[in-house]
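Taking it in order: structure first as structure tokens, then the write-up.
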Amino acid sequence: MFEDLSSKLDKAFQSLKGEARITEVNIAETVREIRRALLDADVNYEVARQFTNDVKEQVLGSDVLTSVNPGQQFTKIVHDNLVETFGGEKADIAQAQTPPTVILIAGLQGSGKTTFTGKLARHLKQEHKRNPLLAAADVYRPAAVDQLKTLASSIDVPVYSIEQKDAVRVAKEAVSMAKSLALDTVIIDTAGRLHVDEEMMNEVAEIKEAVNPHEILFVVDSMTGQDAVNTAKEFNERIDYDGVVLTKLDGDTRGGAALSIKTVVNKPIKFVSTGEKLDALSPFYPDRMAQRILGMGDVVSFVEKAQKEFDEKEAEKLQKKIKSDKFDLNDFLEQIQKIKKMGDFGDLVNMIPGASKALDTADIDDDAFKPIEAIILSMTPEERQNPELLNGSRRRRIAKGSGTTVREINQLMKQFDQMKKMMKTMSKMSKAGRALQGLK
Ligand code: GDP
Numbered sequence: 001m002f003e004d005l006s007s008k009l010d011k012a013f014q015s016l017k018g019e020a021r022i023t024e025v026n027i028a029e030t031v032r033e034i035r036r037a038l039l040d041a042d043v044n045y046e047v048a049r050q051f052t053n054d055v056k057e058q059v060l061g062s063d064v065l066t067s068v069n070p071g072q073q074f075t076k077i078v079h080d081n082l083v084e085t086f087g088g089e090k091a092d093i094a095q096a097q098t099p100p101t102v103i104l105i106a107g108l109q110g111s112g113k114t115t116f117t118g119k120l121a122r123h124l125k126q127e128h129k130r131n132p133l134l135a136a137a138d139v140y141r142p143a144a145v146d147q148l149k150t151l152a153s154s155i156d157v158p159v160y161s162i163e164q165k166d167a168v169r170v171a172k173e174a175v176s177m178a179k180s181l182a183l184d185t186v187i188i189d190t191a192g193r194l195h196v197d198e199e200m201m202n203e204v205a206e207i208k209e210a211v212n213p214h215e216i217l218f219v220v221d222s223m224t225g226q227d228a229v230n231t232a233k234e235f236n237e238r239i240d241y242d243g244v245v246l247t248k249l250d251g252d253t254r255g256g257a258a259l260s261i262k263t264v265v266n267k268p269i270k271f272v273s274t275g276e277k278l279d280a281l282s283p284f285y286p287d288r289m290a291q292r293i294l295g296m297g298d299v300v301s302f303v304e305k306a307q308k309e310f311d312e313k314e315a316e317k318l319q320k321k322i323k324s325d326k327f328d329l330n331d332f333l334e335q336i337q338k339i340k341k342m343g344d345f346g347d348l349v350n351m352i353p354g355a356s357k358a359l360d361t362a363d364i365d366d367d368a369f370k371p372i373e374a375i376i377l378s379m380t381p382e383e384r385q386n387p388e389l390l391n392g393s394r395r396r397r398i399a400k401g402s403g404t405t406v407r408e409i410n411q412l413m414k415q416f417d418q419m420k421k422m423m424k425t426m427s428k429m430s431k432a433g434r435a436l437q438g439l440k
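With the first letter of the sequence shown counted as 1, position 54 gets the number 54 in full-length UniProt numbering; the numbers rise by one all the way through.
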């Protein structure tokens, strides 16, 4: 899912690689490519236009952080806008104060309503310890009732159905039945048609009126792209549902419906379904979906962590020190301590694009810092500022004090020198990245 969009966005960011700063000129091509990528993904035209305008405005208006490069910063902004486009926060389904909670499922025939009814029952039972009752209100297709019964028996959930073709009655009686059996949730599967028609809408509206559901979920096949968005609009105008369920995302390589629905209909996506099996259902997390599309979720958390740990002014000071060769062991120690605060070392290296390839992280972890810290802490302030003072006898003293060996100290000093050199040449990587590279 979203494969095309992912690779096209990735390509769009490539053109920013190597740029030291963000300017109106150098982002123009990237912005254009993002818009093209969205339109190719069958995203609603207006949504794509608004999205790229917002991104452009935010990119140009953002403070330039020296600890991240323009490509990373751009990615973060696109990420944040994708999250917004997907609805921002994860939206939960309602739960009644006094049970049973009544959930009405609506949508076109073939959208995956009946399958979703079973999946939702399973999800609520397993994840939320709820006891659902399914109501077979798709009364016109005998096969639909049978399908629901088969699904229900596989997850050991009861179904309410009647012989008569009266959907409103099924729904009402199912609610009464749940009350008498002390079941806390009723999920009503309704009849769909191949296209939106009055009769179907009237029936769903009548059921809504009769049972006053706590939650109405509209189920739509995401593979139908912009048709899905139009159907979503029509159903919403008629029954004012609470949330959208996107099905068949496993077959949707473009993702246009997913990216357009929230903006066009202003109702959140609450679940996504990614297969025919009953466990192929997940609550919808806008942030995770955005990260998945960008295939760069790790960069997003890296930027967030870097923003938290590295003060901009301090970063500039450090930059100057590096340039004028004044970066000393005190600074080195400080950087190590900051990196340690940012979290697991291996994870951190993996967050930096390319760094995990350049560094063998398998044998480096937090413990790798301990002897380094001990050695630096055993030096006098003078020695830390002027590492060239470290002659043989001083090194022996430090080895004793830090519980290390002279060989380890020699190694560290060699690494420190290499790191300083590398830092000077690597102006494009983030500060954290530079520090990490130098530790190798
Ligand atoms: P209804 O007419 O709306 O009740 O739709 P159904 O629940 O009968 O689903 C129609 C078809 O789509 C069935 O063959 C389902 O197995 C299939 N289906 C439902 N959800 C998904 C999904 O997320 N992915 C895939 N690949 N197939 C699905």
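Glycine included, every Cβ here is placed at the ideal spot set by N, Cα and C.
Note: Y160 is bridge-paired with A135 in the DSSP secondary-structure output. Scanning the stretch 30 to 114 for uninterrupted alpha helix (DSSP H) segments of 4 residues or longer gives 45 to 61, 70 to 85, listed from N- to C-terminal end.
The beta carbon of V229 is closer than 7 Å to those of N44, A257, S260, I261, V264 in its chain, skipping five residues each way along the sequence.
A check of alpha carbon separations from L38 across V55, T23, E24 identifies V55 as the nearest. Assigned with DSSP and collapsed to three states, P142 falls in helix. Scanning T117, E127, Q411, K270 for the CA closest to the CA of G243 turns up K270. DSSP lists no bridge partner for V196.
Checking the DSSP bridge columns, you'll see E215 partnered with I103. Residue burial is scored here from C-beta neighbours: V25 has fewer than 16 other C-beta atoms within 10 angstroms and is therefore classed as exposed. For E234, the Cβ stays outside the 7 Å cut-off from all heavy atoms of the ligand GDP. When DSSP states are grouped into helix, strand and coil, T231 belongs to the helix group.
Taking non-hydrogen atoms of the ligand GDP into account, the C-beta of T253 is found less than 7 Å away from none of them.
In the three-state DSSP reduction, S15 falls in the coil class, being neither helix nor strand. Only residues of its own chain outside the window of five on either side were considered, and among them M1, F2, E3, D4 have a CB closer than 8 Å to the CB of T253, listed in chain order. If you ignore the 5 residues before and after G107, its C-beta comes within less than 7 Å of the C-beta of K113, G192, F218, V219, V220, all in its own chain and listed in chain order. Straight-line spacing of the CA atoms in Q164 and P158 works out to 19 Å.
For F271, the enclosing beta strand (DSSP E) has its first and last residue at 269 to 273. For a cut-off of 8 Å, the C-beta gap from V78 to L16 is around 11 Å, too long to register as a contact.
At least one heavy atom of the ligand GDP falls within 7 Å of the beta-carbon of D250. Judged by beta-carbon spacing, F416 lies beyond the 8 Å limit of L333, meaning their Cβ atoms are not closer than that value.
For S154, the shortest C-beta to heavy atom distance toward the ligand GDP is 7 Å or greater. The three-state reading of DSSP puts S324 in coil, since its state is none of H, G, I, E or B. A contact is defined here as three or more CB-CB pairs under 8 Å, and the stretch 111 to 125 meets this definition with respect to the stretch 273 to 282.
Per DSSP, the unbroken beta strand (DSSP E) holding T185 starts and ends at 185 to 190. The three-state reading of DSSP puts L281 in strand, counting E and B together. Excluding its 5 nearest sequence neighbours in each direction, R130 has C-beta neighbours in its own chain below 7 Å: L124, D184, T185, listed in chain order.
Taking 7 Å as the cut-off, one finds at least one heavy atom of the ligand GDP near enough to the beta carbon of K113. As the crow flies, the alpha-carbon of A178 is around 9 Å from that of P99. Under a 10 Å Cβ-count criterion, T85 is classified as buried, with 16 or more other Cβ atoms of the shown protein chains found around its own Cβ. A direct Cα-Cα distance of roughly 10 Å separates N391 from E383. For S273, the distance from the CB to the nearest heavy atom of the ligand GDP is below 7 Å. With a cutoff of 7 Å, A144 counts as near the ligand GDP, since its C-beta is closer than that to a heavy atom of the ligand. A distance below 8 Å separates the beta carbons of V145 and S161.
Straight-line measurement puts the Cα of A167 at about 18 Å from the Cα of H214. Nearest to R141 by alpha-carbon distance, out of I105, D189, E173, is D189.
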